[in-house]
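Q:
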Ligand code: AMP
Ligand code: GLY
């Protein structure tokens, strides 16, 4: 190239408004070949960054119009809802480049029954299960199987669709809630009941271009609200990368036994998978991984520490991903451990309170970045506007060091009612033989 003219620089669109999308936009904005990152609809953090522009559009058809009008060269989708609604199908129909699965491929997340029968058909390791629409039959199955047992709504239920029942009566209550009382609507009109798996969970996230697979760095999150993994399930209260539980041997097994057969058989079944593919895996005491679930997107908050460690240019990676050439690229990672601590609003996860003023966020440094999620910037004032508000990510050579520096940054941030865990990363500190 003889000169860097503005017209050679790319405009990118990131769809979503959470910490995951802020982290993707942040990494994308670092590319020398990116001029502007639009975020739809974005949050207070993406509003504060001069390299980013929030746009108040969420409808996929209108987003496609915006992309054409602005000359945006590539779109990356964060959350599952627009994917399940077919945003990739719409963009492709319009000839627009977008990274994500089609509506059909997104069924790996949007229908647990689809995912389970796919895994069963192709002998991909997962918990034993049966699917029910009739409450009586479901109750009968629980009586036969006993507890612990896991009840899952078939459809997308914003984190409320899985009940890990340690006692039989909890399982019966969950069946009544979903099948008899219709509390989750259509999403819960069909339920998957599956065997309880024991072990340690990890998040295994890869990029797929239809055929080639490129694994991201390993990660693990903390789903419970309170320290020591107590309290209600949440979207995730913190995450870190790498995850020591995923040894090189277990990594190879997950690729060989879960990820590769999934990608190959989706293509064989006529539904080629493109996009991020996230397998939640349970690793038992013998090191055997089983699939807990698939997500058709990156994890939140896993994305935040993963992006903090990524050294390779994200636009280059995404171009390979949409062009079907992921086999031609290798990823470079910061060797340090990245730890992300989520700060959530008062009353999260039930009815998070909005409108609390946020102060004390330190400017980004080479070892600490604060990604925003439920924040709004108005008249120069930053307030809370969602369940998970911030994710503070630190980088350091060891878990102990990164915990110290990340929590120092967390302790300088204030908003009324802030909830966060003090023990993010604890699993990485302990030995893994128990
Ligand atoms: P899911 O949305 O399917 O990932 O389920 C949410 C959480 O429930 C998972 O992250 C696990 O902690 C737990 N879970 C799901 N399925 C099982 C299972 N078969 N055995 C034990 N725990 C499970
Ligand atoms: N952190 C779990 C998820 O994104 O589903």
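Residue numbers (the working numbering): 39 to 472.
Quick reminder that beta carbons are idealized off the backbone N, C-alpha and C, glycines included.
Considering only their Cβ atoms, is the gap separating residue 197 from residue 362 smaller than 8 Å?
A: For the purposes of this step, residue 362 is taken as the residue at position 324 of the chain shown. For the purposes of this step, residue 197 is taken as the residue at position 159 of the chain shown. No.
Q: Only counting the same chain, and skipping five residues up and downstream in sequence, which positions put a Cβ closer than 6 Å to that of residue 325?
A: Translated into positions along the chain shown, residue 325 becomes position 287. Cβ neighbours of residue 325 beyond the five flanking positions: 288.
Q: So, does the segment 157-168 touch the segment 210-228, judging by three or more C-beta pairs under 8 Å?
A: The answer is no - the segment 210-228 does not touch the segment 157-168, with fewer than three Cβ pairs under 8 Å.
Q: How big is the Cα-Cα spacing for residue 461 and residue 177?
A: In the chain shown, counting from the first residue as 1, residue 461 sits at position 423. In the chain shown, counting from the first residue as 1, residue 177 sits at position 139. When rounded, the distance between both Cα atoms is 38 Å.
Q: Taking only heavy atoms of ligand 1 into account, decide whether any of them is closer than 7 Å to the Cβ of residue 424.
A: Here residue 424 is taken as the residue at index 386 of the chain shown, counted from 1. For ligand 1, not one heavy atom lies less than 7 Å from the Cβ of residue 424.
Q: What is the DSSP secondary structure of residue 79, reduced to helix, strand or coil?
A: For the purposes of this step, residue 79 is identified with residue 41 of the chain shown, where counting begins at 1. Looking at residue 79 - three-state DSSP - the assignment turns out to be strand.
Q: Since residue 354 contacts residue 370 with CB under 8 Å, what's their CB separation in whole angstroms?
A: What you label residue 354 is simply residue 316 of the chain shown in a count that begins at 1. What you label residue 370 is simply residue 332 of the chain shown in a count that begins at 1. That pair is no contact at about 11 Å.
Q: Less than 7 Å separating the Cβ of residue 330 from some heavy atom of ligand 1?
A: Position 292 of the chain shown holds residue 330. Yes - ligand 1 has a heavy atom lying nearer than 7 Å to the Cβ of residue 330.
Q: Using 8 Å as the Cβ pair cut-off and three pairs as the minimum, do the segment 290-301 and the segment 114-128 touch?
A: Segments in contact, no.
Q: To which residues of the same chain is residue 111 closer than 8 Å at the C-beta, ignoring the five residues directly before and after it?
A: What you label residue 111 is simply residue 73 of the chain shown in a count that begins at 1. Same-chain partners within the cutoff: 48, 49, 50 and 135.
Q: Keeping to the same chain, check which residues put their C-beta closer than 6 Å to that of residue 66; ignore five residues upstream and five downstream.
A: As a working mapping, residue 66 is identified with position 28 in the chain shown. Answer for residue 66: 50, 72, 75 and 352, listed in chain order.
Q: Pick from 330, 257 and 123: whose alpha carbon is nearest that of residue 96?
A: Counted from its first residue, the chain shown places residue 96 at position 58. It is 123 whose Cα lies nearest to the Cα of residue 96.
Q: In terms of residue numbering, what span does the beta strand (DSSP E) encompassing residue 314 cover?
A: Indexing the chain shown from 1 puts residue 314 at position 276. Start and end: 312-321.
Q: Please tell me whether residue 274 and residue 338 are closer than 8 Å, where the distance is taken between their beta carbons.
A: Residue numbering aside, residue 274 sits at position 236 when the chain shown is read from its first letter. Residue numbering aside, residue 338 sits at position 300 when the chain shown is read from its first letter. It is a contact, given that the beta carbons lie within the stated cut-off.
Q: Use the C-beta contact count for residue 333: other C-beta atoms within 10 angstroms, 16 or more gives buried, fewer gives exposed.
A: On the chain shown, position 295 is the one that residue 333 refers to. Residue 333 comes out buried.
Q: How long is the line joining the alpha carbons of residue 422 and residue 103, rounded to whole angstroms?
A: Numbered from its first residue, the chain shown carries residue 422 at position 384. Numbered from its first residue, the chain shown carries residue 103 at position 65. C-alpha separation (whole angstroms): 31 Å.
Q: Please list the terminal residues of the continuous beta strand (DSSP E) segment that includes residue 145.
A: By 1-based counting over the chain shown, the position of residue 145 is 107. Looking at the DSSP string, residue 145 is not in any beta strand (DSSP E); the run it does join, the alpha helix (DSSP H), is 145-148.
Q: So, under 8 Å CB-CB, residue 5 and residue 410 are touching, yes? Tell me the CB distance rounded to an integer number of Å.
A: With the chain represented from 39 up to 472, any question about residue 5 goes unanswered, as that position is not in the structure.
Q: Where do the N-terminal and C-terminal ends of the beta strand (DSSP E) with residue 426 fall, by residue?
A: As a working mapping, residue 426 is identified with position 388 in the chain shown. Segment 426-434, the beta strand (DSSP E) holding residue 426.
Q: Name the two residues that bound the continuous beta strand (DSSP E) containing residue 99.
A: Here residue 99 is taken as the residue at index 61 of the chain shown, counted from 1. Per DSSP, residue 99 belongs to no beta strand (DSSP E); it is in the alpha helix (DSSP H), 98-108.
Q: Note down, in chain order, each residue of its chain lying with its Cβ closer than 6 Å to the Cβ of residue 200, except the 5 sequence neighbours on either side.
A: Within the chain shown, numbered from 1, the residue matching residue 200 stands at position 162. Once the five neighbours on either side are set aside, the close Cβ partners of residue 200 are 190.
Q: Let me check understanding here. Comparing Cα to Cα, which of 346, 379, 389 and 448 lies closest to residue 61?
A: Against the chain shown, residue 61 aligns to sequence position 23. For the residues 346, 379, 389 and 448, the minimum Cα distance to residue 61 belongs to 346.
Q: Using 8 Å for Cβ pairs, my map puts residue 425 next to residue 383. What's the rounded Cβ distance?
A: On the chain shown, residue 425 is found 387 positions in, with the first residue counted as 1. On the chain shown, residue 383 is found 345 positions in, with the first residue counted as 1. Residue 425 to residue 383, Cβ: 6 Å. Contact.
Q: What residue range is occupied by the uninterrupted alpha helix (DSSP H) comprising residue 341?
A: Locating residue 341 in the chain shown gives position 303, where the first residue counts as 1. From DSSP, the alpha helix (DSSP H) with residue 341 extends over 341-347.
Q: Candidates 99, 327, 132 and 137: which alpha carbon is nearest residue 114's?
A: By 1-based counting over the chain shown, the position of residue 114 is 76. Here the closest residue by C-alpha is 137.
Q: Do residue 339 and ligand 2 come close, with the Cβ less than 7 Å from some heavy atom?
A: In the chain shown, residue 339 corresponds to position 301, counting from 1. The answer is yes for residue 339.
Q: Taking the alpha-carbon positions, what's the residue 39 to residue 70 distance?
A: Along the chain shown, one-based indexing puts residue 39 at 1. Along the chain shown, one-based indexing puts residue 70 at 32. Caution applies to residue 39, whose pLDDT of 46 falls short of 50 and renders its modelled position unreliable; the model cannot decide the point.
Q: Would the segment 374-381 count as touching the segment 303-319 if we require 3 or more Cβ pairs under 8 Å?
A: Judged by Cβ distances under 8 Å, the segment 374-381 makes no contact with the segment 303-319, as fewer than three pairs qualify.
Q: Please check the pair residue 372 and residue 443, which I expect to be a contact at CB under 8 Å, by giving their CB distance rounded to whole angstroms.
A: Taking the first residue of the chain shown as 1, we reach residue 372 at position 334. Taking the first residue of the chain shown as 1, we reach residue 443 at position 405. 15 Å between Cβ atoms; not a contact.
Q: Do residue 286 and residue 504 have their beta-carbon atoms positioned less than 8 Å apart in this structure?
A: Residue numbering for the chain in the displayed model covers 39 to 472; residue 504 lies beyond these limits and cannot be assessed.
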